[in-house]
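Residues in the sequence shown are numbered from 7 upward in steps of one, following our numbering.
Don't be surprised by glycine CBs; every beta carbon is placed ideally from N, CA and C.
Quick notes on the structure that follows.
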Amino acid sequence: MKTLPKLTALCFLLLFAIGANAKSNFDIIAELDSGPGNVTATDDGRIIMSLHQFYQPKYTVGEYKDKKLVPFPNKELSDADSKAELKLDSVLGIRSANGVVWMLDNGMRSGVTPKLVGWDIKADKLHQVIMLPSPIAPKDAFVNDFAVDTRHNHIFISDPAGGANAGLIVVNLNTGKARRLLEGHSSVIPENVDLIIDKVAIQVNDKSGKLNRPHIGVNPITEDLNNQWVYFGPMHGLSLYRIKADDLANETLDAKALASRVERYSDKPISDGITIDKDNNIYLGELAENAIGVISADRKYKRLVQSPELSWVDSFCFGTAGQLYAIVNRLHQSAMLNGGVLKAKPPFYLLKINALATGLPGR
């Protein structure tokens, strides 16, 4: 009976090969003590990350430098205990474009008005601040992620808000004017699908202390490299949508006309942040399966890699050499999304992924 040991050895080699092949699609390039939120890369190769508010970080934004995180753009703005008149309260969305790092402060830790803050990294000084008061960002707003359009000089923000009132916020960087669009449209509100990871459902405590399963509206958002199409969809949703940037920037379109311009683009899994490459491959985290996938230009979704280490891949961004960065923050194990019980422990990860094509640095 020599076949059994041979069969066992063969199974072991097969499993090893599968694991090695999966790992070959990504590398862990940094282990982090603080749970990251989103990541961006500057034109000169700097890596900037927001630190997720669900983990109550000391600094709201950090730069990964010399194998550690340091406050960005400086301690005065980034320190949660800063007494400065202008400071960053709770940043998640972060993108770099044309020498400016844009940081979207949702203000939820301290209950302050959300704002968009641009920092000129070449001059190392404040570039622009745009406040997002109600009704642009309603009381239950959770301004989350965004895309920077350098052709129209606009920023397109996703706000899942309370679900039924989810919408997009369009900011004209020339004038500072912000508009709330597509509120309550089917392309931005969540679907009735639960997120279950490793056989455990995401649960939050409501105001009465009762556990419920949240359904989150529009969150993932990106724009193609030609600044033509904006892609977006609800986090808890199985469809990705798109609309022309020209239409979002057009202030003469009424709500009905704008809604008619929205197209359903493709299927997608429940997902958080997304990005896109030059060939219009859209990358996302398949949260329920600890995986990274891609929607190709033929509008079909496929899984690229699956691993226990890909436990809530939250954000993607291309670097200067065409590399694709992503972060892992295990949000489903945060107290906020785990029924009040903190299960997540460091290290969290900064990843480098083998993309199918190059993309735009900072996006």
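| Check | Outcome |
| --- | --- |
| What is the DSSP secondary structure of S340, counted as helix, strand or coil? | coil |
| Are H158 and N233 closer than 8 angstroms when you measure CB to CB? | yes |
| Taking 8 angstroms as the threshold (C-beta atoms), are D95 and R115 in contact? | yes |
| Within a Cβ cutoff of 6 angstroms, which residues of the same chain sit near D39, ignoring the five residues on either side of it in sequence? | P352 |
| Can you give me the C-alpha to C-alpha distance between S313 and L357, rounded to a whole angstrom? | 13 angstroms |
| Go to A263, then tell me how far its beta strand (DSSP E) extends in each direction, as first and last residue. | Counting along the chain, A263 falls outside any beta strand (DSSP E), though it belongs to the alpha helix (DSSP H) covering A261 to S266. |
| Excluding the 5 residues preceding and the 5 following G365 in the sequence, name in chain order all residues of the same chain whose CB lies nearer than 8 angstroms to its CB. | L231, T281, I282, D283, K284, F324, G328 and L330 |
| Would E292 be called buried (16 or more neighbouring beta carbons within 10 Å of its own) or exposed? | buried |
| Looking only at its chain, what residues have a beta carbon closer than 8 angstroms to the beta carbon of A361, apart from the 5 residues adjacent to it on each side? | D283, N287, Y289, F324, G328, Q329 and L330 |
| Of the choices Y65, L187 and V118, whose alpha-carbon is the least far from that of S56? | Y65 |
| What would DSSP say about L110, mapped onto helix, strand or coil? | strand |
| What does the Cβ neighbour count give for E229, buried or exposed, with the cut at 16 atoms within 10 Å? | buried |
| Classify I34 as buried or exposed, calling it buried when 16 or more other Cβ atoms lie within 10 Å of its own Cβ. | exposed |
| Between N198 and the rest of its own chain, which residues show a CB-CB distance below 7 angstroms, the 5 nearest in sequence each way excluded? | H221 |
| Please return the same chain residues whose Cβ sits closer than 7 angstroms to the Cβ of D111, not counting the five positions on each side in sequence. | L94, D95, S96, V97, P120, K121 and V123 |
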